[in-house]
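Residue numbers (my numbering): 1 to 275.
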């Protein structure tokens, strides 16, 4: 028996097992707006159905767990376990800050993705491939199986015990934070980290460069993109992201309308030679 779940009831252990197996569906229905949100919410359903008796509370929890989610697959169960423990606290405490659930989840996505990608994709995969390639070159037919075992066994161990660790740590420390009155501080700090991560994602994932140039006498005297970069690097991607956020939140514009609108605008601006 894992020492992580010694204080967990048999029913909760069953829920953790269901969460582990359901977590494999995380990226089975990816959308640009939500990434793995639907898979995350699906893995949380056993806990939501167990902890909440009121239908309105269940709906609120399901909507809450459908927020944007994207991180390394090996680290997913840890965040799921932590979210599940916070949903349990929310169901038991009337004064629980519900915003803290998504704040903690969002703040962990970036750091754990960096750790997971570096360790599992950058190191473990290379080591496993190196061993397997050496075996394959010597004619060993078990080389592909060795590669899969060397890579997947550590990943699945981290996933299995990570989910249990997230759940037990969450149950223990979230209660302590509430008793000490520190939960609001934690929520604010997690929100700041989450917003920083979203800002970094905007800079990396949203690309928009102006091609327009001012030419006089056959010579280029002004490059619009270089001028904007001198003012604020990434100004246009940030402006487009904030405008889409404004339309989404303030004007209730459908995400599908935004996606098709951006595609049409990008094609038109490209044909005009602006971007």
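Ideal placement from N, C-alpha and C gives every residue a C-beta, glycine not left out.
All values reported here derive from a predicted model rather than from experimental measurement.
Next item on the list: Give every residue of the same chain whose Cβ lies closer than 8 Å to the Cβ of residue 200, excluding the five residues on either side of it in the sequence, and list them in chain order.
Entry: 110, listed in sequence order.
Check: Going along the chain, which residues of its own chain have a beta-carbon closer than 7 Å to the beta-carbon of residue 163, five neighbours each way excluded?
Finding: Excluding residues within five positions, the ones whose Cβ falls inside 7 Å are 16, 19, 20, 77, 78, 80 and 81.
Notebook entry, point to check: So which of 85, 149, 32 and 161 has the shortest CA-CA distance to residue 52?
Noted result: The shortest Cα separation from residue 52 among 85, 149, 32 and 161 belongs to 85.
Check: What is the DSSP secondary structure of residue 1, counted as helix, strand or coil?
Finding: Because residue 1 carries a pLDDT of 44, less than 50, the predicted location of this residue cannot be relied on, and no value is offered for it.
Check: Are at least three pairs of beta-carbons, each pair with one atom in the region 56-76 and one in the region 136-152, less than 8 Å apart?
Finding: No, because fewer than three Cβ pairs between the region 56-76 and the region 136-152 fall closer than 8 Å, the two stretches do not touch.
Check: Between which two residues does the alpha helix (DSSP H) harbouring residue 222 extend?
Finding: No alpha helix (DSSP H) contains residue 222, which is instead part of the beta strand (DSSP E) from 219-223.
Checklist line | Expected contact under 8 Å - CB spacing of residue 42 and residue 31 to nearest Å | finding: With 8 Å as the limit, residue 42 and residue 31 do not qualify as a contact, their Cβ atoms being about 14 Å apart.
Next item on the list: Counting only runs of 4+ residues fully inside the region 221-265, write out the alpha helix (DSSP H) ranges in chain order.
Entry: Whole alpha helix (DSSP H) segments, 4+ residues: 224-231 and 235-249.
Next item on the list: Determine the direct distance from the alpha carbon of residue 202 to that of residue 275, and round the result to whole angstroms.
Entry: For residue 275 and residue 202, the distance between alpha carbons rounds to 18 Å.
Note to self: So residue 33 and residue 255 are supposed to be a Cβ contact under 8 Å. How far apart are they, rounded?
What the structure shows: About 5 Å; that satisfies the 8 Å criterion.
Next item on the list: Give the straight-line distance between the Cα atoms of residue 213 and residue 153, rounded to the nearest whole angstrom.
Entry: It is roughly 54 Å from the alpha-carbon of residue 213 to the alpha-carbon of residue 153.
Next item on the list: Give the range of the beta strand (DSSP E) segment to which residue 213 is assigned.
Entry: Counting along the chain, residue 213 sits inside the beta strand (DSSP E) bounded by residues 213-216.
Next item on the list: With a 10 Å radius around its C-beta and 16 neighbouring C-beta atoms as the bar for buried, classify residue 89 as buried or exposed.
Entry: It counts as buried.
Next item on the list: Just the C-alpha distance for residue 168 and residue 37, rounded to the nearest angstrom, thanks.
Entry: Approximately 23 Å between the Cα atoms of the pair.
Next item on the list: Give me whichever residues DSSP pairs with residue 35 in a beta bridge.
Entry: Paired residue(s): 31 and 69.
Item checked: Cβ shell of residue 70 (< 8 Å), same chain only, five flanking positions each side left out -> Cβ within range, chain order: 35, 36, 109 and 113.
Next item on the list: With residue 105 as the anchor, note down where its alpha helix (DSSP H) starts and where it stops.
Entry: Where residue 105 is concerned, the enclosing alpha helix (DSSP H) stretches over 99-116.
Notebook entry, point to check: Short check: CB of residue 211 to CB of residue 225, under 9 Å?
Noted result: In this structure, residue 211 sits near residue 225, with a CB-CB distance shorter than 9 Å.
Notebook entry, point to check: Residues in its own chain within less than 8 Å of residue 45 by CB, not counting five upstream and five downstream?
Noted result: Cβ neighbours of residue 45 beyond the five flanking positions: 22 and 62.
Margin query: Measuring only the C-alpha atoms, how far is residue 196 from residue 237?
Written below: Using only the alpha carbons, I get a separation of about 15 Å.
Check: Rounded C-beta distance between residue 278 and residue 58? I'm assuming under 8 Å.
Finding: Only positions 1 to 275 of the chain appear in the structure, and residue 278 is not among them; the question remains open.
Next item on the list: Answer with buried or exposed for residue 151, where buried requires no fewer than 16 other C-beta atoms within 10 angstroms of its C-beta.
Entry: It is buried - the Cβ of residue 151 has at least 16 other Cβ atoms within 10 Å.
Check: Should residue 127 and residue 75 be called a contact, given that it needs their Cβ atoms to be closer than 9 Å?
Finding: Here residue 127 is not near residue 75, since their CB atoms are 9 Å or more apart.
Check: Is the Cβ-Cβ distance between residue 189 and residue 107 less than 9 Å?
Finding: Cβ atoms of residue 189 and residue 107: closer than 9 Å.
Next item on the list: Return the chain-ordered ranges of every alpha helix (DSSP H) run that is complete within the region 45-90 and spans a minimum of 4 residues.
Entry: Fully contained in the region 45-90 are the following alpha helix (DSSP H) runs of length 4 or more, in chain order: 55-64.
Note to self: Are the CB atoms of residue 240 and residue 198 within a distance shorter than 9 Å?
What the structure shows: Not in contact: residue 198 and residue 240 (Cβ atoms no closer than 9 Å).
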